[in-house]
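K.L.:
I have a structure I would like to understand better, so I am pasting it below and will then ask my questions one at a time.
Number of protein chains: 4
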Amino acid sequence: MPKLGMAPIRRQQLIDATIAAIGESGFSNITVSRISQVAGVSAGIIHHYFGGKNELLEAAMRSLLRDLHAQTLAHLAGLHDSESRVRAIIDANFTPSQFSPQAVTAWLAFWSQAPYVPALRRLQRVNAARLQSNLLVELRRLLPDPEAKRTAAWVSALIDGLSLRSALAGGTLDGEAARALVHAQLDCILSRSTDSH
Amino acid sequence: MPKLGMAPIRRQQLIDATIAAIGESGFSNITVSRISQVAGVSAGIIHHYFGGKNELLEAAMRSLLRDLHAQTLAHLAGLHDSESRVRAIIDANFTPSQFSPQAVTAWLAFWSQAPYVPALRRLQRVNAARLQSNLLVELRRLLPDPEAKRTAAWVSALIDGLSLRSALAGGTLDGEAARALVHAQLDCILSRSTDSH
Amino acid sequence: MPKLGMAPIRRQQLIDATIAAIGESGFSNITVSRISQVAGVSAGIIHHYFGGKNELLEAAMRSLLRDLHAQTLAHLAGLHDSESRVRAIIDANFTPSQFSPQAVTAWLAFWSQAPYVPALRRLQRVNAARLQSNLLVELRRLLPDPEAKRTAAWVSALIDGLSLRSALAGGTLDGEAARALVHAQLDCILSRSTDSH
Amino acid sequence: MPKLGMAPIRRQQLIDATIAAIGESGFSNITVSRISQVAGVSAGIIHHYFGGKNELLEAAMRSLLRDLHAQTLAHLAGLHDSESRVRAIIDANFTPSQFSPQAVTAWLAFWSQAPYVPALRRLQRVNAARLQSNLLVELRRLLPDPEAKRTAAWVSALIDGLSLRSALAGGTLDGEAARALVHAQLDCILSRSTDSH
DNA sequence: TATGAATGAGGATTCATTCAT
DNA sequence: AATGAATGAATCCTCATTCAT
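Protein chains in written order, with the working numbering: chain A, 1 to 197; chain B, 198 to 394; chain C, 395 to 591; chain D, 592 to 788.
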């Protein structure tokens with residue numbers, strides 16, 4: 001029953017299945033066959049829609065990134081003071097769609113591959129740069145420059161480190177608690193900065 | 198050229214080759230054949246010494262952990278005040294042998310596998326627990342309990358996050374700079390705590 | 395050239411190739427690669443259809459047994475007196491499909507493996523029990539019980555012994571002659587029994 | 592501690608280990624390494640004493656045959672009437688050293704290989720011919736020629752068939768019972784022959 | 001004589017990809 | 001559009017054999 005306009009639906013279905021499959025068996029053990037099984041379609045279809053396994057994996061990572069971007073924009077909407085905006089950027093990384101066991105596992109999988117797969121590395125770099133720059137724009141209004149830069153650096157490292165620990169803990173780590181940890185650290189930096197004025 | 202007592206030498210040689218091979222091609226692409234090539238021996242010997250690929254990988258991770266433990270003990274030697282000890286525990290994670298491009302890449306590889314390989318997961322958990330507990334013992338002498346716990350949590354998450362970013366940056370991230378970032382964050386927490394007294 | 399409904403055809407083709415391959419090189423020397431070569435297909439397909447080498451071997455033995463069962467039923471059809479039925483059961487073991495050089499060789503191969511492979515052992519036991527019981531039902535109408543049992547025992551041992559010798563003789567042993575030997579022995583037992591009445 | 596004259600002892604030790612190893616895992620699964628383990632020596636030594644695995648296997652089969660020959664001679668010693676001698680030849684095949692679970696298993700293993708290994712085939716043929724001829728010499732004094740030949744044929748087939756069934760039954764089949772079965776069959780033939788005189 | 005380290009060929013198996021239907 | 005049969009390359013692993021000690 002081929003339908004017109006099925007392409008985007010099938011593509012998303014396969015991307016979701018990919019992320020689910022990575023979540024259940026890790027990057028080194030996913031097979032095209034397993035993904036297609038999870039998606040409830042035949043193995044051949046993946047090549048029809050994506051050209052190959054690598055392209056599908058790239059599309060899956062791109063999908064995660066797109067979601068993160070959308071979450072960030074949503075959290076920023078309507079906020080104008082810099083501190084709120086910094087905190088909103090942070091929060092976007094801890095929403096259920098980004099910090100669910102499945103999501104953190106998928107992130108870890110993609111990170112582990114990025115150094116060796118140019119397409120994934122590019123995506124990862126663009127994203128890291130974007131987070132850094134988003135944070136920096138706001139932090140520069142709150143802190144002197146060298147400190148703004150340092151702060152952007154540790155904030156993003158801490159976010160990733162918390163994702164990582166969540167993946168390793170098997171999802172035991174609460175997104176809310178993780179988020180609070182970053183904010184508490186930020187409190188310390190910002191309050192001290194305020195004091196010194 | 199079989200020699201008596203070669204076993205420990207060969208084992209270490211193969212473990213080193215494994216870490217090097219992971220560094221150059223990632224976890225999902227390492228092959229027994231590549232490892233043996235890097236080690237300059239035949240592929241069969243790996244089974245002779247380790248029983249199989251999985252056992253070798255486990256031994257390699259165990260070797261990294263052993264090194265971290267040794268570094269920690271070395272950094273702690275002779276220190277008695279708690280703040281110095283906390284900082285020593287942190288520093289052990291940024292020594293060249295733990296923060297080299299090769300090492301951070303290997304860590305990332307093992308992290309990505311741990312959720313799916315019981316033997317690796319066990320090692321990772323034991324190690325995470327040890328770092329946490331080491332930090333906590335000292336932090337409890339410096340901070341009230343809920344804060345000591347929170348601090349131990351973000352310190353270890355930040356350490357891992359920095360390793361991760363170093364691996365993703367392809368080794369561009371300096372170990373010294375990364376280390377300084379953690380210490381600076383710790384300064385903030387400890388100084389505020391002192392102020393409040 | 396994938397076609398719909400190829401499964402049963404391919405399976406039989408691979409089973410036949412397996413028996414042929416065993417016939418030409420024995421059980422310890424058959425390889426998946428050789429079987430697939432005889433069948434004129436790729437090696438991978440065996441795993442597609444049977445899951446693995448062991449399952450294929452089991453299927454091949456099962457196929458031989460099914461044929462023996464079919465031969466037995468065919469020979470028994472329409473016979474009602476016990477002696478004829480005993481002789482028919484015997485004859486089924488000496489038909490061309492069961493006593494051809496290829497078949498006796500395959501039997502020998504399976505026998506040699508049965509003690510170590512549970513699946514094959516099970517098949518062999520079920521079959522031995524069936525032959526024994528088939529013979530016994532009829533012999534009990536011809537002979538007093540202890541003798542019926544003994545006769546069933548030696549008849550089946552003799553049948554297997556003749557198969558074995560045929561395999562060892564490289565097919566020189568004629569099925570017809572072998573069959574006659576069993577019948578002649580049976581004559582002796584049955585005639586003596588008649589005499590004594 | 593190399594000793595003079597160790598060679599024959601080591602050779603026998605390795606042959607015994609080979610038969611034991613075949614008994615525990617079948618022909619297709621024996622490895623040089625397993626045999627040497629059973630013998631309590633290193634794997635390399637097998638090549639020193641036998642030149643290779645195949646030669647060791649041949650030596651092991653030869654050893655079984657030598658034992659059978661010795662048993663036959665021992666059973667024949669002092670017997671002069673033909674019937675006793677026929678029965679003695681039969682009995683030699685059911686002594687513990689030839690009909691033990693280990694022995695019948697080894698026989699089955701060798702039979703299964705004989706068709707494909709010239710050296711083993713030769714041994715098997717010589718032995719079959721010897722049994723046949725031994726029986727025939729005596730049977731010709733008891734029966735008219737065509738019947739003597741037929742009798743020699745089924746007797747040897749029955750002996751082998753009983754060995755085979757013993758191997759397949761996992762040693763459940765009693766040597767004494769098996770032996771009695773052959774003798775009982777022989778009774779029938781010989782008594783009828785006497786009657787007809 | 002005896003060891004066991006080391007090799008390398010060969011085998012089973014997995015899997016991405018292709019393609020006839 | 002979709003299937004799943006089929007392939008063949010790649011991988012892990014086994015094992016007989018060699019050889020320095």
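For each residue, glycine too, the CB sits at the ideal point set by N, CA and C.
Just the chain C side, please: which residues come within less than 8 Å of Ile-636 of chain D by C-beta, in chain order?
P.N.:
The premise fails here: Ile-636 of chain D is roughly 23 Å from chain C at the closest Cβ pair, so nothing lies under 8 Å.
K.L.:
I'd like to know whether the C-beta atoms of Ala-114 of chain A and Gln-102 of chain A end up nearer to each other than 9 Å.
P.N.:
no
K.L.:
Report yes if the C-beta distance between Val-104 of chain A and Ser-25 of chain A is below 9 Å; otherwise report no.
P.N.:
no
K.L.:
Would you identify the three-state DSSP class for Asn-331 of chain B, choosing helix, strand or coil?
P.N.:
helix
K.L.:
For the alpha helix (DSSP H) holding Val-426 of chain C, just list the boundary residues, first then last.
P.N.:
426-433
K.L.:
Report the residue from C:Lys-447, C:Ile-429 and C:Ile-483 whose alpha carbon sits nearest the alpha carbon of Val-576 of chain C.
P.N.:
Nearest in C-alpha terms to Val-576 of chain C, of all of C:Lys-447, C:Ile-429 and C:Ile-483, is C:Ile-483.
K.L.:
Roughly how many angstroms separate the alpha carbons of Ala-612 of chain D and Ser-63 of chain A, rounded to a whole number?
P.N.:
Answer to the nearest angstrom: the Cα atoms are 58 Å apart.
K.L.:
Given this structure, state the Cα-to-Cα distance separating Thr-609 of chain D from Ser-754 of chain D, to the nearest angstrom.
P.N.:
19 Å
K.L.:
Arg-789 of chain D lies in the alpha helix (DSSP H); which residues open and close that run?
P.N.:
The structure shown has nothing for residue 789 of chain D, since chain D only spans 592 to 788.
K.L.:
Would you identify the three-state DSSP class for Ser-422 of chain C, choosing helix, strand or coil?
P.N.:
helix
K.L.:
Any C-beta of chain D sitting closer than 9 Å to the C-beta of Ala-561 of chain C?
P.N.:
yes
K.L.:
Just the Cα atoms here: how many angstroms apart are Ala-374 of chain B and His-80 of chain A?
P.N.:
32 Å
K.L.:
In its own chain, which residues sit with a C-beta less than 8 Å from the C-beta of Asp-288 of chain B, not counting the 5 before and 5 after it?
P.N.:
His-272 and Arg-376
K.L.:
Is Ile-212 of chain B close to chain A, meaning its C-beta is less than 9 Å from at least one C-beta of that chain?
P.N.:
no
K.L.:
Give the interface partners of Pro-8 of chain A over in chain B, defined as CB-CB distance under 9 Å, in chain order.
P.N.:
Contact note: Pro-8 of chain A does not reach chain B at a C-beta cutoff of 9 Å; the least C-beta distance is about 29 Å.
K.L.:
Check whether the segment 130-147 of chain A touches the segment 325-340 of chain B, taking contact to mean three or more Cβ pairs, one atom from each stretch, closer than 8 Å.
P.N.:
no
K.L.:
Quick check on Leu-365 of chain B: buried or exposed, where buried means 16 or more other Cβ atoms within 10 Å of its Cβ?
P.N.:
buried
K.L.:
Starting from Tyr-640 of chain D and walking both ways along the alpha helix (DSSP H), at which residues does that stretch end?
P.N.:
635-641
K.L.:
Specify, as a first and last residue, the run of the alpha helix (DSSP H) that Asp-342 of chain B falls within.
P.N.:
342-365
K.L.:
Leu-262 of chain B and Asn-290 of chain B - do their beta-carbons sit closer together than 9 Å?
P.N.:
no
K.L.:
In chain order, what are the residue ranges of uninterrupted alpha helix (DSSP H) at least 4 long that sit wholly in the segment 640-710 of chain D?
P.N.:
644-667, 673-683, 687-690 and 692-704
K.L.:
What is the DSSP secondary structure of Gly-569 of chain C, reduced to helix, strand or coil?
P.N.:
In the structure shown, Gly-569 of chain C sits in a helix (DSSP, three-state: H, G or I).
K.L.:
Is Arg-716 of chain D helix, strand or coil by DSSP?
P.N.:
Secondary structure at Arg-716 of chain D: helix, using DSSP grouped into helix, strand and coil.
K.L.:
What is the DSSP secondary structure of Arg-337 of chain B, reduced to helix, strand or coil?
P.N.:
coil
K.L.:
Comparing the C-beta of Asn-620 of chain D with each C-beta of chain C, is any distance below 9 Å?
P.N.:
yes
K.L.:
Just the C-alpha distance for Gly-766 of chain D and Glu-477 of chain C, rounded to the nearest angstrom, thanks.
P.N.:
29 Å
K.L.:
So, at 8 Å on beta carbons, what are the nonlocal neighbours of Arg-87 of chain A in its own chain, with the 5 sequence-adjacent residues on each side left out?
P.N.:
In its chain, beyond the 5 residues on either side, His-183 and Leu-186 have a beta carbon closer than 8 Å to the beta carbon of Arg-87 of chain A.
K.L.:
Please work out which residues of its chain come closer than 6 Å, Cβ to Cβ, to Gly-555 of chain C, disregarding the five sequence neighbours upstream and downstream, and give them in chain order.
P.N.:
none
K.L.:
Consider the Cβ of Gly-617 of chain D: report whether some Cβ of chain C lies at a distance smaller than 9 Å.
P.N.:
yes
K.L.:
Would you kindly work out how many angstroms separate the C-alpha atoms of Ala-345 of chain B and Leu-355 of chain B, rounded to a whole number?
P.N.:
In a straight line, the C-alpha of Ala-345 of chain B is about 15 Å away from that of Leu-355 of chain B.
K.L.:
Would you say Ile-429 of chain C reaches chain D, if we count a Cβ-Cβ gap shorter than 9 Å as a contact?
P.N.:
Not one chain D Cβ lies under 9 Å of Ile-429 of chain C.
K.L.:
By alpha-carbon positions, which one of C:Ala-500, C:Ala-546 and C:Val-520 ends up nearest to Ser-422 of chain C?
P.N.:
C:Ala-500
K.L.:
Among C:Gln-431, C:Asp-410, C:Leu-584 and C:Leu-451, which has the Cα closest to the Cα of Val-511 of chain C?
P.N.:
C:Leu-451
K.L.:
State the Cα-Cα distance for the pair Arg-741 of chain D and Cys-582 of chain C, rounded to the nearest angstrom.
P.N.:
In a straight line, the C-alpha of Arg-741 of chain D is about 13 Å away from that of Cys-582 of chain C.
K.L.:
Is the shortest distance between the beta-carbon of Thr-302 of chain B and the beta-carbons of chain A less than 9 Å?
P.N.:
Chain A contact via Cβ: present.
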